[in-house]
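Below is one structure, written out as structure tokens; comments come after it.
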Amino acid sequence: MKREINPQKSNRADAFRMWMSSPMPMVTLVKTLDVSRLVKVSKKIEMKFTMLMCWCVGKAAGQVEEFYTLPVDGKLYHYDKLAINVIVENSKGGISSCDIPFSDDLQQFNRDYLMFTEQAANECKSSCFASDQRSSAFLDEHMVIGTSAMIQTELDCIINQYTDKFSNPMVMWGKYRHGLFKTTLPVSFQFHHVQMDGAHAAKFLQRLQNEIYKLK
């Protein structure tokens with residue numbers, strides 16, 4: 304459940320004091336991942352690459368305590384659960400997005416991923432940050448990690464909006480690259496400096512790589 308915490312009694316006290324009022328509080332780190340294992344597993348078990356990538360993001364984030372806190376409207380909140388936001392191309396040629404509750408169970412996460420992405424694509428309606436009852440209750444329980452997969456071309460780096468109006472962390476990538484010995488994917492990770500420091504973000508990116516290596 305989402306609950307407000309006192310920033311001065313948290314381990315983010317200094318960061319809150321320094322960065323909460325910053326007009327550009329977002330930071331971006333970029334790391335090139337070895338996704339050879341992910342591509343191989345995706346083909347072997349016939350699951351989508353992007354879904355597996357999102358699942359690995361959730362697995363890695365769950366190991367970093369800072370992901371469970373988020374600054375919102377000048378306050379600091381703690382959450383008990385994580386979710387992954389996915390952007391999809393909808394039936395009208397535009398984009399819609401949906402929030403998928405993270406589960407350690409890959410099969411369950413895959414079912415939810417397929418159901419919610421198909422719904423968003425067909426209905427051309429985004430479920431995140433909407434005013435409907437499901438979204439309000441959902442956001443009260445889940446700290447949402449945004450993702451954006453722009454697989455139309457290879458990208459070296461992605462910089463998203465640097466604004467205090469959107470404080471959620473976001474993982475972004477383009478098309479993976481086949482090399483002679485391995486397949487690589489540059490990943491951009493954007494986060495609010497109040498939520499975590501660069502060391503926490505670097506730890507997350509390394510754990511993301513480790514989760515990809517561990518896929519079976």
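Numbered by our numbering, the letters in the sequence shown go through residues 304 to 519 in order. In this text, a Cβ means the ideal position worked out from N, Cα and C, and glycines have one as well.
No residue range can be given for Gln498, since it is assigned to no beta strand (DSSP E) and is classified by DSSP as neither H nor E. Thr353 carries a helical assignment under DSSP once its states are collapsed to helix, strand and coil.
Assignment of Glu421 by DSSP, reduced to helix, strand and coil, places it in the helix class. Contact check for Thr486 and Val342: beta-carbon distance about 5 angstroms, within the 8 angstroms limit, so the pair qualifies. Within 10 angstroms of the beta-carbon of Ile461 lie 16 or more other beta-carbons, which makes it buried. In the DSSP secondary-structure assignment, Tyr516 is not bridged to any residue. Pairing Ile448 with Ala502 gives a Cβ-Cβ distance that is not under 8 angstroms. Under the DSSP assignment, Asp337 falls in the beta strand (DSSP E) whose first and last residues are Met329 to Asp337. For the pair Phe419 and Phe484, the Cα-to-Cα distance works out to about 35 angstroms. Taking one beta carbon from each stretch, the region 487–499 and the region 327–334 have 3 or more pairs nearer than 8 angstroms; the two touch. Annotation for Asn425: Ser394 place their beta carbon closer than 7 angstroms to its own, counting only its chain and skipping 5 residues before and after. Every unbroken stretch of the beta strand (DSSP E) spanning 3 or more residues and falling wholly within the region 382–411 is given here in chain order: 384–392 and 398–404. The C-beta of His481 has fewer than 16 other C-beta atoms within 10 Å across all chains shown, which makes the residue exposed.
Restricting attention to Asp415, Cys401 and Gly377, the CA atom closest to the CA of Ser429 is found in Cys401.
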